[in-house]
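Engineer: Residue numbers (this note's numbering): 10 to 567.
Here you go, one structure.
The structure is reproduced here in structure tokens:
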């Protein structure tokens, strides 16, 4: 790599891959081997590299003076030279935060700070943090996302889109000129993080209205979702902060036409390279990826510092976790890991057949087997994104009332991805006996979540919205309620929907309300510590230091 300027990767690589990204063609060149280390002149003296292992349980505390909390960029060439560099704010403005310091910077992801300047010139920065503005939130009960008990009579000072101080009222002075907002009788929690989403443009404001300030998008047409990511992250449209995997990587033939199909180890490595060039934050592998494809893919992804999420089918959960995936989506592959039965792998030659067989397979597991498998997976330090709301909705897909349940009023009539339930039922061929089997499996799925948590495993809340019956934003609240029903406490469910999601993204300035963090938070009219349903009663949402009332957003789309 010649430099780390806004132009990104070396033009030799970009020119060679541009048409291939569009046509999904590949050529035999390893991106990791082509990159060169970053010039020292790009970094200020004394800079400290802070790239932690993605699975690490806790992130290092950010330097409060800089209030720059993102992870560092570790140069891909460090595997040759052992060097690690950080990308942070310039020394001359060290006291000022980045516009949004929660963006991840992994190998292959461009540092786009130059775009912020361009946005300011063209007047498109309407949703960026307010400059030179101090806000004092006073009197609320605070649930900070760390997992501890709520703190009453809290004072939260926000400066330039970041949290400057957290204390009790009268413990510290409110800065002169600060805008004071009384939140007496209300509860403040961190902005919610949907750790498994499929973001559509119509849904962006819906996420904010329901308190979701960050999403981890795990499949879409690569150029489309990365464009949407840039628009939201740079503030040109109202929406949550977005981390994206681009198009998922699948075996051949692919389950979906816009997936990237691979059939050999070399093709798997090249698919990783193409995602890195495109600027993906993450990779997602899908059900037809076999162990012999997963291992070289993970090897290349590790060199490029791209974390890999896995919706498994032909690879069981323990094999994938031990190989190095950072998260297992939907608890896929757990039944196969528990039984060792290759029938589940064979069934995933067809997606719907594989899902049906595996979903029914949960009901056949006994309690001891579920506990043993959960403990084994917890030991690998993999994160589970169970998406219980997905399993719950599919088990009740034959119930027409779900199309008129609370939250559906925010879904446009033409949003077929959410509303097209009859067509999905016809396509799957599921009947009453299938739905009965799915409902019987729910007990074991809940037990797995409970046992995994008891064994010390990390759980991040995700929804799979916007798929059938899964409402962008609202389904996060359904997921938290289902996590509580499975055995988590309300505070643990909130942590799964905030801090755990931030840790999974390795975005250490998100997920908590603490000094140095980005000012993403949700103001509730009730206290969810005693009743998780209180998270649905939202008064206001703050993202990047801007306070928004959900009703004002809804007025724009109704």
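The C-beta atom is built at its ideal place from N, Cα and C for all residues, glycine as well.
1) Would DSSP call residue 230 helix, strand or coil?
2) Grouping DSSP H, G and I as helix and E and B as strand, with all else coil, what is residue 431?
3) State the DSSP-derived secondary structure class of residue 209, mapped to helix, strand or coil.
4) Is any non-hydrogen atom of the ligand HEM found closer than 6 angstroms to the C-beta of residue 394, if you look at the structure I gave you?
5) Write down the C-beta distance between residue 195 and residue 532 rounded to the nearest angstrom, noting that I regard them as a contact closer than 8 angstroms.
6) Can you tell me whether residue 339 is helix, strand or coil according to DSSP?
7) Note down, one range per segment and in chain order, each beta strand (DSSP E) of at least 3 residues found wholly within the region 247 to 325.
8) Alpha carbons only, please: which of 558, 520, 559 is nearest the one belonging to residue 200?
9) For residue 515, does the three-state DSSP call read helix, strand or coil?
10) Whether or not the region 429 to 440 and the region 394 to 413 are in contact is what I'm after, with contact meaning three or more pairs of Cβ atoms, one per stretch, closer than 8 angstroms; do they touch?
11) Using C-beta distances below 6 angstroms, list every residue in its chain close to residue 146, excluding the 5 sequence neighbours before and after it, in chain order.
12) I'd like the list of long-range same chain contacts for residue 362, defined as Cβ closer than 8 angstroms, with 5 residues on each side in sequence excluded.
13) Give a yes or no on whether the C-beta atoms belonging to residue 502 and residue 541 are separated by under 7 angstroms.
14) Between residue 207 and residue 475, which are expected to be in contact by the criterion C-beta below 8 angstroms, what is the C-beta distance as a whole number of angstroms?
15) Kindly indicate which three-state DSSP category residue 414 falls into: helix, strand or coil?
16) Comparing alpha-carbon positions, which option in 268, 247, 160 lies nearest residue 232?
17) Answer yes or no: do residue 319 and residue 294 have a C-beta to C-beta separation smaller than 7 angstroms?
18) Indicate whether the contact test is met: 3 or more Cβ pairs, each with one atom in the region 240 to 259 and one in the region 208 to 225, closer than 8 angstroms.
19) Residues in the same chain with beta-carbon distance under 8 angstroms from residue 346, minus the five sequence neighbours each way, listed in chain order, please.
20) Given a cut-off of 7 angstroms, decide if residue 332 and residue 394 are closer than it, judged by their beta-carbon atoms.
21) To the nearest angstrom, report how far apart residue 204 and residue 472 are at their CA atoms.
22) Mind checking who residue 199 pairs with in its DSSP beta bridge?
23) Pull up the DSSP beta-bridge partners for residue 191, would you.
24) Among the candidates 389, 280, 512, whose CA atom is the shortest distance from the CA of residue 461?
25) With respect to the alpha helix (DSSP H) encompassing residue 462, which residues constitute its N-terminal and C-terminal limits?
26) Can the beta-carbon of residue 202 be found closer than 7 angstroms to that of residue 416?
27) What does the Cβ neighbour count give for residue 551, buried or exposed, with the cut at 16 atoms within 10 Å?
28) Closest to residue 149 by C-alpha separation, out of 535, 303, 463, would be which residue?
29) For residue 371, count neighbouring Cβ atoms within 10 angstroms of its own Cβ and tell me buried if that reaches 16, exposed if not.
30) Taking C-alpha atoms, which residue in 365, 392, 242, 421 lies nearest to residue 505?
31) At which residues does the beta strand (DSSP E) containing residue 243 begin and terminate?
32) Between residue 466 and chain E, is there a C-beta pair that is closer than 7 angstroms?
33) If you drop the 5 nearest sequence neighbours on each side, which residues of the same chain put their C-beta closer than 6 angstroms to that of residue 160?
34) Just to confirm before moving on: does the CB-CB distance between residue 398 and residue 276 stay below 7 angstroms?
35) Does the beta-carbon distance from residue 8 to residue 559 come in below 7 angstroms?
36) Measure how close the beta-carbons of residue 494 and residue 455 come, nearest whole angstrom, since I'm counting them as under 8 angstroms.
Structural biologist: From the atom records:
1) coil
2) helix
3) It is coil, neither helix nor strand.
4) With respect to the ligand HEM, the structure shown offers nothing to examine, as it has no ligands at all.
5) 5 angstroms
6) Secondary structure at residue 339: coil, using DSSP grouped into helix, strand and coil.
7) Those beta strand (DSSP E) runs which fall completely within the region 247 to 325 and span 3+ residues are 250 to 253, 258 to 260, 269 to 271, 292 to 294, 317 to 319.
8) 520
9) coil
10) yes
11) 165, 190, 192
12) 356
13) Contact flag set, yes.
14) 6 angstroms
15) coil
16) 268
17) yes
18) yes
19) The residues are 325, 326, 327, 328, 382, 385, 386.
20) no
21) 7 angstroms
22) 530
23) DSSP, once it has assigned bridges, lists 147 as partnering residue 191.
24) 389
25) 441 to 463
26) Going by C-beta atoms, residue 202 is not nearer than 7 angstroms to residue 416.
27) buried
28) 535
29) buried
30) Closest by alpha carbon: 392.
31) Counting along the chain, no beta strand (DSSP E) covers residue 243, and no H or E run does either.
32) Reference to chain E is not applicable here, since this structure consists of a single protein chain.
33) Excluding residues within five positions, the ones whose Cβ falls inside 6 angstroms are 151.
34) No; because the gap between Cβ atoms is not below 7 angstroms, this pair is not in contact.
35) There is simply no residue 8 to check, as the chain begins at 10 and stops at 567 in what is shown.
36) 7 angstroms
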